[in-house]
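Undergrad: Shown below is the structure under consideration.
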Amino acid sequence: MAERSQQVLLAEGLARQGRIAPAVTACYQALRADERDPLVHCLLGGLMLEEGFCEQAATSAARAIEIDPGCAAAYFVLGLAYDRMGGMWDRSVLVWQELAEVVPDLATAYVQLGEALCAASFADEAVAAWRRALEIDPREPRAMYHLAVAALKREGMATALPGFRKAGELDPSQDEFFFVLTGYDVDGLPTLGMTEIEADRTSRLRAAHAFAANDELFKAAELIRLVLGEHADDIEAISLMAHLYLKQESVNEAMACALRALTLSTHTPTAVYALGVAFARRPALADHAAKLFSVLTTMAAGHAMPHVLHAESLLALQRYSNAGEAYRAALALDPGCVRALFGQAAVALTVGDHTGAEWAIRRAAYHDIRRRGYFWGPYDAAAGGREQ
Amino acid sequence: MKEGVRNVTDDAALRLYRALVRHDPAAAISVVERVRADGVQQAALFDSLFTPAMAILGGSWADGSINEYTFTQASVVADQIMSFVTPPRSAGDTGIAVLIGSMHRDLHDIDKNIVAATLREAGHRVVDLGSDVRPADFLHRAEETGARIVIVCAQMVSTARAVLRVQEMFLSAGRNDLVLLVSGGPFVADERLAREVRADGVVRGAESAMRLVARAALERLAEGRP
């Protein structure tokens with residue numbers, strides 16, 4: 024297969040930089056050179072979709088599929104275009120089913136298929152699709168959110184809530200929030216080898232945070248132990264340890280560490296967060312969790328996540344209208360907060376507002392796709408396959 | 002141990018901590034029971050006893066007084082005694098029986114399921130009749146279960162209007178003591194519809210259901226009826 028032309032590479036580069044208009048121009052130039060290049064049609068479709076021109080996106084994606092029926096990214100664009108146009112669930116279902124056949128291990132295809140099936144009122148089939156997505160990728164948060172909403176519809180909030188929490192934990196935004204609270208820019212922290220780390224508190228704690236952010240929990244714990252060996256009352260170290268225990272599902276150990284940190288200083292947002300999360304995992308302690316998260320909304324003003332966590336604990340207390348207010352506060356701070364949007368959908372369902380719930384879920388899907396850059400995965404796979 | 006013993010509660014927390022690190026659930030429960038016998042309410046046990054003990058545990062782990070294994074095992078024991086110190090998970094039984102179901106020829110059940118689960122969680126005895134329930138079945142099940150509050154759900158105008166047949170059936174059977182609440186989009190959109198079917202209230206969601214059921218139960222009590 025031919026390599027990508029300079030025009031295609033230019034269009035891709037511009038698209039990746041978010042420079043949509045010049046990228047579209049570059050695509051048209053590339054098509055003038057080779058009208059039968061499926062990747063260019065696919066890319067053009069993706070760009071059109073990005074700008075909200077769904078019909079044009081569908082046309083380009085359909086052309087890409089016509090030329091290359093194995094072009095997974097084009098199915099992705101076509102399915103999303105149908106979804107966003109609305110009222111075309113029958114076509115949408117077919118596209119997502121075809122994508123699932125073209126790339127059987129793509130969890131997103133099943134998440135989208137579930138959404139299309141649900142919108143077409145095939146509730147049981149939708150649940151099966153989301154379950155399949157979780158079988159493929161057990162860390163797929165949107166599938167879990169959908170299953171939680173499905174559980175709410177069938178069995179009520181008490182059954183649904185653990186699902187919402189689990190989805191929240193899979194959602195990268197919760198860990199990101201913890202590291203925001205720590206004040207460490209973990210994205211900018213290099214993960215060093217254990218022998219490269221300077222033997223001082225600052226270096227060890229920086230490295231421990233970097234390891235924790237990369238899920239290298241045991242290395243992080245080892246460094247924390249060294250820090251505590253020199254100063255047993257190091258609040259930062261103890262709070263980080265509470266977070267590590269939470270990551271390992273050791274709730275009581277996390278609770279003990281967070282309580283110790285708060286004994287040393289009540290003004291420790293990371294410990295308040297860890298203790299709140301530990302309490303939230305015990306249904307009987309929902310009231311305690313709600314109080315802590317309420318405090319956290321003040322401690323971490325300007326962040327959506329404390330409001331979301333507060334809202335979830337209010338849901339557990341059956342204070343649905345208060346939860347709705349908390350979700351609104353979260354969305355005022357971050358309109359693209361996927362977890363808050365699913366929560367808002369749950370609250371809408373408790374008052375029988377199905378249209379509101381559906382709208383919130385569609386917005387959640389839209390923002391989830393944007394933040395996770397789903398398009399580029401299948402696109403790069405297709406482009407990579409061409410280079411070989 | 003660096004923690005000072007300042008009062009009786011601190012002392013009890015320290016004893017609980019010691020039971021935890023000795024991996025002795027029986028001793029831990031005995032501490033809890035003694036504190037409860039001293040007059041501390043169940044709802045307060047977690048904050049006054051368990052939380053300080055866990056803070057001491059965390060401190061001991063941090064300063065190296067106990068090792069990782071002891072810390073983990075103590076946490077396992079803490080888990081074992083958790084139900085002795087936490088407030089009750091769900092509300093206690095209110096004794097109020099509520100009958101709920103979707104009207105005949107109405108298969109919508111999402112709102113009904115959410116309302117039923119919420120009321121159940123709030124401690125009410127909910128009998129869910131499911132969907133597509135005939136008017137006569139509401140009456141028969143009310144008599145069977147002794148429920149005084151009936152929630153009829155209807156999501157279509159035709160089925161919402163048909164709720165009148167449920168009320169007529171109640172009245173013809175001399176059951177004017179039953180409280181008829183209605184739920185569903187048509188009733189929320191047009192309040193006259195609820196009056197037409199002679200409903201005692203409109204459920205506008207799960208929280209609204211809790212309020213209406215609580216109010217209906219209070220009114221029954223005020224009238225001297227169970």
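Residue numbers (our numbering), protein chains in the order written: chain A, 24 to 411; chain B, 2 to 227.
Heads up, the beta-carbon is just placed ideally off N, CA and C, and yes, glycines get one too.
Just so it is clear, the structure is predicted and the values come from calculations on it, not from any experiment.
Starting from the Cα of Leu356 (chain A), find the closest Cα among A:Glu253, A:His330, A:Leu204, A:Leu267 and give me that residue.
TA: A:His330
Undergrad: Mind listing the chain A neighbours of Ser31 (chain B)? Cutoff is C-beta to C-beta under 7 Å, in chain order.
TA: Near Ser31 (chain B) there are no residues of chain A at all, since even the closest Cβ is about 20 Å away, more than 7 Å.
Undergrad: Strictly below 7 Å CB to CB, what residues from chain A border Leu58 (chain B)?
TA: Ala279
Undergrad: Measuring only the C-alpha atoms, how far is Ser209 (chain B) from Gly109 (chain A)?
TA: Cα to Cα, the separation comes out at about 32 Å.
Undergrad: Which same chain residues, not among the five before or five after Leu315 (chain A), have their C-beta less than 7 Å away from its C-beta?
TA: The residues are Val295, Leu298, Gly299, Phe302.
Undergrad: From the DSSP output, read off the bridge partner residues of Ala98 (chain B).
TA: B:Arg126
Undergrad: Taking 8 Å as the CB-CB limit, is Leu282 (chain A) close to chain B?
TA: yes
Undergrad: To which residues of the same chain is Gly93 (chain A) closer than 7 Å at the C-beta, ignoring the five residues directly before and after it?
TA: Val125
Undergrad: If distances are taken between C-alpha atoms only, which option among B:Asp112, B:Val198, B:Arg166 comes closest to Leu140 (chain B)?
TA: Comparing alpha carbon positions, the residue from B:Asp112, B:Val198, B:Arg166 closest to Leu140 (chain B) is B:Arg166.
Undergrad: Alpha carbon to alpha carbon, what distance is there between Leu338 (chain A) and Gly325 (chain A)?
TA: 22 Å
Undergrad: Sorted by chain position, which residues of the same chain lie with C-beta nearer than 7 Å to Glu73 (chain A)'s C-beta, five sequence neighbours on each side aside?
TA: Ile43
Undergrad: How many whole angstroms separate the CB atoms of Thr95 (chain B) and His125 (chain B), which I take to be in contact at a CB cut-off of 8 Å?
TA: Their Cβ separation, rounded to whole angstroms, is 5 Å, which keeps Thr95 (chain B) and His125 (chain B) in contact under 8 Å.
Undergrad: Does the structure place the stretch 201-218 of chain B close enough to the stretch 394-409 of chain A that three or more beta carbon pairs sit under 8 Å?
TA: Below 8 Å, too few C-beta pairs join the stretch 394-409 of chain A and the stretch 201-218 of chain B to call them touching: fewer than three.
Undergrad: Considering only residues of the same chain and omitting the five flanking positions on each side of His64 (chain A), which have a CB-CB separation below 6 Å?
TA: Ser83, Arg86, Ala87
Undergrad: Quick check on Phe85 (chain B) - is its C-beta less than 8 Å from some C-beta in chain A?
TA: With 8 Å as the cut-off, Phe85 (chain B) does not count as an interface residue toward chain A.
Undergrad: Could you tell me the distance, in whole angstroms, from the CA atom of Gln135 (chain A) to the CA atom of Asp48 (chain B)?
TA: 45 Å
Undergrad: What is the DSSP secondary structure of Met157 (chain B), counted as helix, strand or coil?
TA: The answer is coil: DSSP assigns Met157 (chain B) none of H, G, I, E or B.
Undergrad: For Ala146 (chain A) and Tyr51 (chain A), what's the separation of their Cα atoms in angstroms?
TA: Annotation: Ala146 (chain A) to Tyr51 (chain A) spans about 41 Å, alpha carbon to alpha carbon.
Undergrad: Between which two residues does the alpha helix (DSSP H) holding Gly191 (chain A) run?
TA: 180-193
Undergrad: I'd like to confirm something about Leu108 (chain B): is its beta-carbon nearer than 7 Å to some heavy atom of the ligand NAD, or not?
TA: Among the ligands in the structure shown, none appear at all, so the ligand NAD cannot be discussed.
Undergrad: Under 8 Å: do the stretch 341-354 of chain A and the stretch 216-227 of chain A share three or more Cβ pairs, one atom per stretch?
TA: no
Undergrad: Gln341 (chain A) touches chain B at which residues, Cβ-Cβ below 8 Å?
TA: Neighbours of Gln341 (chain A) on chain B, chain order: Thr119, Glu122, Ala123, Ala207, Glu208, Met211.
Undergrad: Taking 8 Å as the cut-off, decide whether the C-beta atoms of Gly231 (chain B) and Val374 (chain A) are in contact.
TA: Since the first residue shown for chain B is 2 and the last is 227, residue 231 (chain B) is missing from the structure and cannot be characterised.
Undergrad: How should Gly206 (chain A) be labelled, buried or exposed, when 16 other C-beta atoms within 10 angstroms of its C-beta is the threshold for buried?
TA: exposed
Undergrad: If we define contact as Cβ-Cβ less than 8 Å, is Ala190 (chain B) a contact residue for chain A?
TA: no
Undergrad: Work out the CA separation of Ala63 (chain B) and Ser196 (chain A) for me, nearest whole Å.
TA: 29 Å
Undergrad: What residue range is occupied by the uninterrupted alpha helix (DSSP H) comprising Ala183 (chain B)?
TA: Looking at the sequence provided, one finds Val at residue 183 (chain B) rather than Ala. Counting along the chain, Val183 (chain B) falls outside any alpha helix (DSSP H), though it belongs to the beta strand (DSSP E) covering 180-184.
Undergrad: Specify, as a first and last residue, the run of the beta strand (DSSP E) that Val204 (chain B) falls within.
TA: Residue range 202-204 is occupied by the beta strand (DSSP E) that includes Val204 (chain B).
Undergrad: Measuring CB to CB, does Pro358 (chain A) end up less than 8 Å from Ala323 (chain A)?
TA: Not in contact: Pro358 (chain A) and Ala323 (chain A) (Cβ atoms no closer than 8 Å).
Undergrad: What does the alpha-carbon distance come out to for the pair Phe202 (chain A) and Ile258 (chain A)?
TA: 15 Å
Undergrad: Looking at the structure shown, is Met111 (chain A) part of a helix, part of a strand, or coil, going by DSSP?
TA: Coil at Met111 (chain A), not helix or strand.
Undergrad: Does Ser159 (chain B) pass the burial test, meaning 16 or more other C-beta atoms within 10 Å, or should it be called exposed?
TA: Residue burial is scored here from C-beta neighbours: Ser159 (chain B) has fewer than 16 other C-beta atoms within 10 angstroms and is therefore classed as exposed.
Undergrad: By a C-beta neighbour count over all protein chains shown, 10 Å radius and 16 as the cutoff for buried, is Thr52 (chain B) buried or exposed?
TA: Thr52 (chain B) counts as buried, since no fewer than 16 other beta carbons sit within 10 angstroms of its beta carbon.
Undergrad: What three-state label does DSSP hand Ser66 (chain B) in the structure shown?
TA: coil
Undergrad: Identify the residues that DSSP records as bridge partners of Val151 (chain B): which are they?
TA: DSSP lists B:Leu100, B:Leu181 as the bridge partner or partners of Val151 (chain B).
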